[in-house]
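2 protein chains.
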Amino acid sequence: MSEIRLDVLAIGDAVVDVIATADDEFLIQEGLVKGSMRVLAPEEATRLYAHMGPARETSGGSAANTMAGIAALGGKAGFVGLVAADQLGEVFAHDIRAQGVEFATPASRDGVPTGRCLILVTPDAQRTMNTFPGAAHRLSTDVLDHEQIRGAAILYLEAYLWRAEAPRAAMKAAMKVAADAGRKVAFTLSDIALIALHRQEFLDLIGSGAIDMLFANEAEARALAGTDDLDAAIAMIAPQVRMLVVTCGSRGAMAVAGEERASIPAIWIEEVVDTTGAGDLFAAGFLVGQAQGKSLEQSLRIGAGAAAEIISHFGARPEVDLRPLVEAA
Amino acid sequence: MSEIRLDVLAIGDAVVDVIATADDEFLIQEGLVKGSMRVLAPEEATRLYAHMGPARETSGGSAANTMAGIAALGGKAGFVGLVAADQLGEVFAHDIRAQGVEFATPASRDGVPTGRCLILVTPDAQRTMNTFPGAAHRLSTDVLDHEQIRGAAILYLEAYLWRAEAPRAAMKAAMKVAADAGRKVAFTLSDIALIALHRQEFLDLIGSGAIDMLFANEAEARALAGTDDLDAAIAMIAPQVRMLVVTCGSRGAMAVAGEERASIPAIWIEEVVDTTGAGDLFAAGFLVGQAQGKSLEQSLRIGAGAAAEIISHFGARPEVDLRPLVEAA
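Here it is, written out as structure tokens:
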């Protein structure tokens, strides 16, 4: 039996975010749907980048952001994801390790560059994401370290990576390793567009009892359940997972675990700059709360605090030490 | 006779800034002098980067920042500088072009990567810069486009680039092209460390009448003149240039042009985040003022306004449209 040495190990997209501000007009001209995520072919990424304004780069990736958040909150996190042996790959590897996250996946050398997410932030602080996944979607079962998976209390998976075949196989293999070792499996639905593509697979996955903790936002929960009624969606999904966590944007968040239920309001912050990473950091806070044996409500509060920090600046990686949030809970 | 189509054309370091926060303790451990700039060998850069915290990347380079500022202020700017044909080179080229600056220098393919500046920002908002110049210092006379130089009212040169032989030769050649076409030459002293290395050359350059506008901060002006007394330094330097502009940090700035003299206080801003680029953006504002026929005092005010914007966020490239500053002056 392996010893547990990590609170959470994630498998996710390893990408660098390229963040520019844009107005609504620009989104319309480029045919982009505000708030959405879409996957770009290399030539589409080149074209959009050429049209975008001056940008700043920060490491990103949904589950990677969550692991960076866990480390910033004082938890022990690991990350599995594929970058290329190029400059942006170095940036990604530097940032996640410098944040204190274990990251040991060797960089790929097959010529496919490190993935990027071109993010347009409109004046209303909404983010529209355009991902060129590059090397990230070449992740395969080869890179899995079974001992590392067994060494984490929770395996955390992002639906963004479900799109591509090789990473999907790797995530399925990792889930089995985790389950066989008695570890918990957490899954985030990531984006409503993925539910359109993979709804039945996700329903089967949840129905099989493979998912202990499911993270979703309101829209994703409704789409997964196939109903417009959030309460009905929760009533349908919650019994199939040990714990269901649903974020409701500026209206707060809720968690259901068996008979137990908790909800909290969102934290009001003066100036929302960029909502990128809000869900990722919310998950980080909730997971740290759970790892430290906090109640559902306390875990939700830590999540809300971490989300509030991330939306107060550009970029989805924490800029300050978040440990006081855990102490305050 | 070429037509003038640019307000300013700069030759400078083409680098990407890698910005992390750090405490004073870290600077001491790494043997760094707060507020200074030093040039790193590749292995030193690798070592320091590995020790630094998570970072964000934005395009940088002193004169390049100034040109980006001029474009953000509504002026017409061009930039000459060398990046490599790599990912960070693409980032640099994208950002400066997306800002509206003419940038046509072809990327180098000799294997030396695009330059980086590792910037540590302490809680007092001071920046300590560690530059790995890479391709930037391979710039040579080959890349100069004489027609482009003749097409700019002012040629702007940064002393940072004076360190390396090939770019120094390129800057000297460009000065001659500009002077022969009756254009003005502006020079910024960049950093006190450069005066220690090149004082006599700079004095000879100024003494020869080759410099029309000289930009310096207080410490640089004193070091160049070889006196601790700022008034004495100004009295020594000012008669040798058509215009001398001296920034005095939080105490404002002054300009001397023959018998004319103006000075202004700094603009008070609530939260100084990162002082990187303050001098660069000050120069941008002053140059735009001069290009638009504003008075010395008005030009200083535009410079102070642009500097105030840049120190309110991480990174040395403007994040907002700065044109209202020019209208206000």
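Residue numbers (the working numbering), protein chains in the order written: chain A, 10 to 338; chain B, 10 to 338.
Yeah, the Cβ is synthetic: ideal placement off N, Cα and C, and Gly gets one too.
Ignore the nearest five residues each way along the sequence and tell me which others in Ala183 of chain A's own chain have a CB closer than 7 angstroms to its CB.
Ile20, Leu153, Ile158, Leu164
I'd like to confirm the pairing. Which residues does DSSP put opposite Val42 of chain A in its beta bridges?
According to DSSP, Val42 of chain A bridges with nothing at all.
Report the start-end ranges of each alpha helix (DSSP H) in the region 220-249 of chain B that is 4 residues or longer and not cut off at the edges.
227-234, 239-246
Terminal residues of the continuous alpha helix (DSSP H) containing Lys185 of chain A?
174-189
Identify which residue in B:Glu210, B:Leu198, B:Gly191, B:Ala173 has its Cα closest to the Cα of Val254 of chain B.
B:Leu198
Restricting to runs no shorter than 3 residues, where is the beta strand (DSSP E) found entirely within the region 254-321 of chain A?
262-266, 269-273
DSSP three-state assignment for Gly87 of chain A, whether helix, strand or coil
strand
In the DSSP output, what is Leu127 of chain A paired with across the bridge?
A:Val27, A:Asn139
Leu36 of chain B versus Glu280 of chain A - alpha carbon distance:
32 angstroms
If we ignore side chains and look at the alpha-carbon of each, how far apart do Ala256 of chain A and Gln108 of chain B end up?
Reading off the sequence shown, one finds Thr at residue 256 of chain A, where the question assumed Ala. Rounded to the nearest angstrom, the two C-alpha atoms are 37 angstroms apart.
Please list, in chain order, all residues of the same chain as Glu156 of chain B whose beta carbon is under 8 angstroms from its beta carbon, the five residues on each side excluded.
Ser11
Can you give the Cα-Cα distance for Asp330 of chain A and Leu82 of chain A, rounded to whole angstroms?
7 angstroms
Just to confirm my understanding: we take Asp26 of chain A, look at its own chain, exclude 5 residues before and 5 after, and list those with CB closer than 6 angstroms. What are they?
Thr67, Gly69, Cys126, Ile128
Nearest-angstrom Cα separation, counted from Arg65 of chain A out to Thr55 of chain B
21 angstroms
Could you tell me which chain A residues have their CB closer than 7 angstroms to the CB of Tyr58 of chain B, listed as they occur along the chain?
His103
Does any residue of chain A bring its CB to less than 8 angstroms from the CB of Glu66 of chain B?
yes
When you compare the region 133-143 of chain B with the region 97-114 of chain A, are there three or more beta-carbon pairs, one atom per stretch, that lie closer than 8 angstroms?
no
Segment contact flag, the region 196-210 of chain B with the region 324-338 of chain B, C-beta cutoff 8 angstroms, min 3 pairs
no
Does any residue of chain B have a CB that is nearer than 8 angstroms to the CB of Arg310 of chain A?
no
Element boundaries [beta strand (DSSP E), containing Tyr165 of chain B]:
161-167
Does the beta carbon of Pro115 of chain A come closer than 8 angstroms to any beta carbon on chain B?
no
Which two residues bound the contiguous beta strand (DSSP E) that contains Asp213 of chain B?
No beta strand (DSSP E) contains Asp213 of chain B, which is instead part of the alpha helix (DSSP H) from 201-216.
Contacts that Met263 of chain B makes with chain A (C-beta to C-beta distance below 7 angstroms)
By Cβ distance, chain A contributes nothing, its closest Cβ being about 31 angstroms from Met263 of chain B, past 7 angstroms.
Between Pro333 of chain B and chain A, is there a C-beta pair that is closer than 8 angstroms?
no
Assuming Ala178 of chain B contacts Asp283 of chain B under a Cβ cut-off of 8 angstroms, what Cβ separation, rounded to an integer in Å, is found between them?
The Cβ separation is near 34 angstroms, so there is no contact.
For the structure I just gave you, are there three or more beta carbon pairs, one from the region 42-54 of chain B and one from the region 42-56 of chain A, closer than 8 angstroms?
no
Of the residues that make up the region 75-98 of chain A, which ones have a beta carbon closer than 8 angstroms to any beta carbon in chain B?
Ala77, Asp95, Gln96, Leu97
My output table needs one value for Arg147 of chain B: the three-state DSSP class, helix, strand or coil.
helix
Closer than 9 angstroms by beta-carbon distance: list the chain A residues that pair up with Gln108 of chain B, in chain order.
Gly62, Pro63
List, in chain order, every chain B residue whose beta-carbon is nearer than 8 angstroms to that of Val326 of chain A.
A small correction: the amino acid at residue 326 of chain A is Arg; Val does not occupy that position in the sequence shown. Those within 8 angstroms of Arg326 of chain A in chain B are Pro63.
Against chain A, does Val100 of chain B count as a neighbour if the rule is that its beta carbon must be under 8 angstroms from one of theirs?
yes
Sub-8 angstroms separation of Ala23 of chain B and Gly90 of chain B beta-carbons:
yes
Inter-residue Cα distance where the pair is Asp33 of chain A and Thr131 of chain A:
7 angstroms
Against chain E, does Pro248 of chain A count as a neighbour if the rule is that its beta carbon must be under 8 angstroms from one of theirs?
Here the protein chains are A and B, and chain E is not one of them.
Based on DSSP bridge pairs, tell me the residues matched to Thr67 of chain A.
A:Asp26
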